[in-house]
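Protein sequences appear in the order of chains A and B.
Just so we're on the same page, my numbering is the position in the first sequence counted from 1, plus 420.
Just so we're on the same page, my numbering is the position in the second sequence counted from 1, plus 89.
Backbone N, C-alpha and C define an ideal beta-carbon position, used for all residues, glycine too.
Given the structure is predicted, the values throughout are model-derived calculations rather than measurements.
Below you'll find the structure, written out as structure tokens, and then a few comments.
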Amino acid sequence: MNLSLLDPFTLAQDYPESLSSELRSGHSTCLDGTVVLFDVETNGLARYLRGHVRQIQSLSWSQDGRYLASASQDFKVIVWDLSKNGEASARTVRFNAPVYCAELHPLNPNLFVCALFEDTPYLVDITDPIPKKYPFSSAPKRPTIPGAEEGEIDEKRAAADAKHLTTVAVFTVSGEHIITGTNKGWANIVSTRTRETIHSTRITSGCITYIRLTTSGRNMVVNSNDRVLRSIHIPDTLREGVNGNEIKLEVEHKFQDVVNRLLWNHCTFSGNGDYLTASTFKNHDIYIWERSMGSLVKILEGPKEELGTVEWHPTRPLVAAAGLESGKIFIWATSNPQRWSALAPDFRELEENIEYQEREDEFDIHPKEDVTKRRLHLENEDVDVRTIEPVRGELEDSWTMPVVLDLEDTESEEEVTVAGRRKSPAVEKEKRGGRARKRKVDG
Amino acid sequence: MWGGGGGGGGKAADKTLKIWHAKTGKYEQTFHGHLAGISDLDWSPDSLTLVSGSDDKTIRLWDVQACKSIKLLRGHHNAIYSVSFSPRGNIVASGSYDEAVRLWDIRSGRCMKTLPAHSDPVSGVHFNRDGTLIVSCSHDGLIRVWDVSTGQCLRTIVEEDNAPVMGVRFSPNGKYLVAGTLDSCVRLWDYHRGKCLKTYMGHRNEKYSITPAFVVGGGGSFVIAGSEDSDVYLWDVQSKDVVQILIGHDDVVLGVAAHPTENIVASCGLDRTIRIWIDESC
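Here you go:
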């Protein structure tokens with residue numbers, strides 16, 4: 421509701437410019453697997469979620485912000501129901517391998533997809549007390565060559581395909597398909613309903629480490645260890661029942677640092693999908709590109725340490741990144757100076773001097789009663805104090821997280837450096853339409 | 090102030106808070122803890138927490154079910170005049186005789202921002218519907234609208250005569266403000282344009298801090314305020330006519346509160362009573 425009062429020039433600035441604040445929880449770099457929720461409104465701690473015992477690999481919010489899935493190296497995925505507190509809030513699913521990533525279905529918080537270390541990926545349904553795990557294949561779908569006989573070549577290919585391992589899995593925006601990335605650089609599209617691979621494309625020769633979709637679901641970015649980020653347009657025809665042979669995934673732009681040959685730690689889109697952001701390996705900077713043109717618009721500087729996970733606020737020009745050494749979370753934002761004219765209603769900010777035009781009756785003297793009477797007479801405007809008018813760009817919250825007041829006191833300032841580097845502590849903003857108010861960081 | 094589920098709260102200058110059941114009038118509990126009189130209180134959105142501001146310069150948060158003080162917010166340099174909970178329940182705003190407005194992160198009890206708001210005691214603070222704006226008013230005659238995330242002043246509203254403003258509230262949809270001033274007027278402001286749209290008159294308010302309120306629980310929209318002639322006045326929002334005068338108190342009526350959904354109003358005054366008014370016509 422504040423948008424209409426803000427300076428339009430400030431609002432036009434849609435990517436952050438300067439480091440604005442730092443957040444830390446006492447043990448944000450420890451590898452004890454605690455998930456910490458921060459409140460973006462207060463920059464304070466909102467909740468501790470304890471259940472994992474090792475480093476967290478990924479976090480995923482449900483659309484309304486009520487559920488959160490965390491995947492950890494301790495072979496577990498936990499789906500947290502944030503409307504509850506304590507033990508009752510956690511729903512744990514165990515696997516036979518460390519979990520790379522888990523993502524909640526966009527419409528059904530009882531369904532998630534996860535990719536595991538040297539194991540097949542799973543689609544998991546937790547509606548019933550005993551979770552149902554559905555494995556699906558990592559092997560790419562090869563086009564059938566007409567007239568080819570069952571023979572030697574296929575056997576060779578089958579042996580090669582068996583070496584494919586899924587490293588990342590995400591849902592499309594409708595939830596009807598799963599997009600997975602493999603260690604051989606292939607992207608597979610899997611139907612959520614049948615769990616069959618309907619399409620495969622080789623994106624790169626390197627291992628795919630991360631896939632991220634925009635909020636609209638029309639584009640995705642693929643990070644791989646060949647030091648290139650690729651933005652890919654997702655065809656509109658990708659719907660339930662589509663023939664996989666008709667789908668084409670084409671790389672729109674490649675984002676790379678040609679001079680320094682930087683490896684990208686983590687990448688993400690801005691809330692509206694206009695910008696792509698990435699943090700860099702063994703480097704302190706965060707790069708922001710314009711997605712549609714592929715041009716670099718800004719390099720965010722600030723902390724003198726390597727940054728891991730980077731996340732963009734779903735609606736505001738706000739970028740958060742986790743520092744790997746100090747364990748702090750750094751936030752970049754736009755600067756909006758105070759408009760002095762707001763402090764005095766009869767003042768106006770002028771670009772240049774103007775000649776004052778005196779009104780004809782400006783210094784006429786009227787009896788005070790007459791003035792008051794006339795003014796009261798003019799108060800005939802219609803007012804409606806009840807109807808809530810929806811404003812563009814401001815979404816209503818469907819769910820509000822209960823405020824937990826008795827947080828335990830954990831202000832210990834331990835300095836522990838992170839040992840594992842490939843998958844850094846994840847920082848993720850609430851993925852929802854409204855003003856995000858909490859951020860989570862793994863321990 | 091109204092709590093959810095029909096619980097009603099009362100404040101007192103004898104350093105305690107008391108809660109009564111709004112429907113039955115049954116006394117429920119008393120909170121002890123403040124060292125001086127309490128000026129203002131507010132319920133959290135889930136009605137499980139109460140916030141109170143006191144002349145002992147502190148703000149206390151109370152767990153209603155456990156009946157105990159859970160947080161003590163210190164920082165103001167003078168007595169607290171007004172408090173308000175944000176609609177999400179994570180922030181409390183307070184106005185004080187030290188002329189500042191403070192925003193508090195209630196989970197940590199930390200002061201998030203201090204807004205150098207006014208040049209006289211801050212008599213009222215209130216959050217809008219979605220928690221992005223705060224309005225504050227003061228004896229210096231100004232009403233200011235603030236952005237919660239940046240802490241910047243977005244609008245200042247001043248009436249020509251500069252009469253001290255004793256209380257201000259956003260309308261239920263957040264489009265307008267209603268403010269009571271010591272020239273015995275209650276005004277409805279469009280804060281986007283800085284324009285006074287309606288002036289409600291008829292009651293008397295020259296000395297005491299009387300905050301007007303909106304009544305939208307039933308079918309219509311009304312503005313309600315106490316008066317120093319010991320009555321409660323109810324105006325029609327649109328026509329500005331006094332539609333009802335509630336007579337019953339024996340002394341100045343200081344506080345009024347409207348039920349969020351039903352046509353019920355509570356009032357309190359210097360005669361040390363709280364009266365509940367129910368519209369039986371609907």
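Nearest-angstrom Cα separation, counted from residue j out to residue i
i: residue 685 of chain A; j: residue 726 of chain A; result: 9 Å
i: residue 778 of chain A; j: residue 769 of chain A; result: 19 Å
i: residue 801 of chain A; j: residue 821 of chain A; result: 39 Å
i: residue 543 of chain A; j: residue 629 of chain A; result: 19 Å
i: residue 296 of chain B; j: residue 489 of chain A; result: 57 Å
i: residue 267 of chain B; j: residue 595 of chain A; result: 47 Å
i: residue 653 of chain A; j: residue 714 of chain A; result: 13 Å
i: residue 430 of chain A; j: residue 195 of chain B; result: 29 Å
i: residue 277 of chain B; j: residue 309 of chain B; result: 16 Å
i: residue 592 of chain A; j: residue 534 of chain A; result: 14 Å
i: residue 691 of chain A; j: residue 732 of chain A; result: 7 Å
i: residue 272 of chain B; j: residue 227 of chain B; result: 14 Å
i: residue 337 of chain B; j: residue 319 of chain B; result: 8 Å
i: residue 658 of chain A; j: residue 468 of chain A; result: 38 Å
i: residue 834 of chain A; j: residue 159 of chain B; result: Residue confidence for residue 834 of chain A is low, a pLDDT of 36 falling below 50, so the modelled location carries little weight and cannot support an answer.
i: residue 838 of chain A; j: residue 581 of chain A; result: Here the model assigns residue 838 of chain A a pLDDT of 36, short of 50, so the residue's position is not dependable, and the following value carries that caveat. Spanning the two alpha carbons is a distance of roughly 34 Å.
i: residue 496 of chain A; j: residue 721 of chain A; result: 35 Å
i: residue 360 of chain B; j: residue 335 of chain B; result: 15 Å
i: residue 558 of chain A; j: residue 154 of chain B; result: 54 Å
i: residue 211 of chain B; j: residue 147 of chain B; result: 15 Å
i: residue 202 of chain B; j: residue 712 of chain A; result: 39 Å
i: residue 859 of chain A; j: residue 475 of chain A; result: With a pLDDT of 41 at residue 859 of chain A, under the threshold of 50, the modelled position of this residue cannot be trusted; read the value that follows with caution. Roughly 17 Å separates the two Cα atoms.
Which of helix, strand or coil DSSP assigns to residue i
i: residue 165 of chain B; result: coil
i: residue 532 of chain A; result: strand
i: residue 303 of chain B; result: strand
i: residue 665 of chain A; result: helix
i: residue 510 of chain A; result: strand
i: residue 819 of chain A; result: coil
i: residue 284 of chain B; result: strand
i: residue 769 of chain A; result: coil
i: residue 428 of chain A; result: helix
i: residue 129 of chain B; result: strand
i: residue 794 of chain A; result: helix
i: residue 360 of chain B; result: coil
i: residue 439 of chain A; result: strand
i: residue 459 of chain A; result: strand
i: residue 522 of chain A; result: strand
i: residue 719 of chain A; result: strand
i: residue 761 of chain A; result: helix
i: residue 753 of chain A; result: strand
i: residue 577 of chain A; result: helix
i: residue 856 of chain A; result: Note that residue 856 of chain A scores a pLDDT of 35, beneath 50, so its modelled location is shaky and nothing firm can be said.
Member of the options whose CA lies at the smallest distance from the CA of residue i
i: residue 760 of chain A; options: B:261, B:219 and B:233; result: B:233
i: residue 521 of chain A; options: A:562, A:529 and A:600; result: A:600
i: residue 379 of chain B; options: B:339, B:114, B:118 and B:176; result: Because chain B here runs from 90 to 371, residue 379 of chain B falls outside it and cannot be looked at.
i: residue 532 of chain A; options: A:545, A:687, A:799 and A:463; result: A:545
i: residue 235 of chain B; options: A:809, A:595 and A:425; result: A:425
i: residue 444 of chain A; options: A:741, A:797 and A:711; result: A:741
i: residue 260 of chain B; options: B:326, B:254 and B:226; result: B:326
i: residue 669 of chain A; options: A:609, A:707, A:746 and A:751; result: A:609
i: residue 303 of chain B; options: B:335, B:237 and B:257; result: B:257
i: residue 661 of chain A; options: A:617, A:788 and A:785; result: A:617
i: residue 588 of chain A; options: A:518, A:510, A:746 and A:455; result: A:518
i: residue 171 of chain B; options: B:313, B:342 and B:126; result: B:126
i: residue 745 of chain A; options: A:729, A:753 and A:736; result: A:729
i: residue 554 of chain A; options: A:705, A:539 and A:437; result: A:539
i: residue 758 of chain A; options: B:245, B:290, B:263 and B:269; result: B:245
Residue(s) in a DSSP beta bridge with residue i
i: residue 675 of chain A; result: A:649
i: residue 150 of chain B; result: B:140 and B:160
i: residue 689 of chain A; result: A:696
i: residue 627 of chain A; result: Paired residue(s): none; residue 627 of chain A is not in a bridge.
i: residue 215 of chain B; result: B:224
i: residue 265 of chain B; result: B:279
i: residue 244 of chain B; result: B:234
i: residue 501 of chain A; result: A:487
i: residue 743 of chain A; result: A:727
i: residue 598 of chain A; result: A:591 and A:610
Check: residue i C-beta below 6 Å from any heavy atom of the ligand NAP
i: residue 259 of chain B; result: As far as ligands go, the structure on display features none, and thus does not contain the ligand NAP.
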